[in-house]
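Below is one structure, written out as structure tokens; comments come after it.
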Amino acid sequence: MLEGLMGSPGWVGDAVVLLLLDLDEDSPRLAARVHLGDDGIARVDDPGYRARWRSEGIVGRAHSGRLYPDDGQAFLDELPFVYRGAHLRAVPEQEFFGVSA
């Protein structure tokens, strides 16, 4: 069974955090939290990301194409591949907080 392997459906769990990384600081700062709502739609607590993702979506890996929050789990699963830069990174929430799923 592939569940839980990076890139497989649902591998991030039900929440992802966006982290701001700064070389001058000891630890990353939480920029936003994205989670699945009861309706299966990805929800974000930051209004800037919310507006951008509703209008533009994110461009996922080649097989995923453009995704929007309405795509739910698929949107959440792509965030760590889209946001993996030197200053902004998306990681599964349980990985950041050290909680097992």
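Take any residue in the sequence shown, count from 1 to its spot, add 2: that is its number in my numbering. Glycine included, C-beta positions come from ideal geometry on N, C-alpha and C. Keep in mind that this is a model prediction, so the values were computed, not measured.
- By the beta-carbon neighbour count (other beta carbons within 10 angstroms, threshold 16), Gly39 is exposed.
- Of all C-beta pairs linking the region 87-97 to the region 51-68, fewer than three are shorter than 8 Å, placing the two stretches out of contact.
- Partner residues in the beta bridge of Val18, as assigned by DSSP, are Val36, Pro94.
- Looking from the CA of Trp13, the closest CA among Phe98, Pro94, Phe99 belongs to Pro94.
- Taking 8 Å as the upper bound for CB-CB distance, Gly50 and Gly74 are not in contact here, some 21 Å apart.
- Residue nearest to Arg35 within the set Leu23, Asp24, Glu27, Ala17 is Ala17 (criterion: CA-CA distance).
- With fewer than 16 other Cβ atoms from the protein chains shown falling within 10 Å of its own Cβ, Leu22 counts as exposed.
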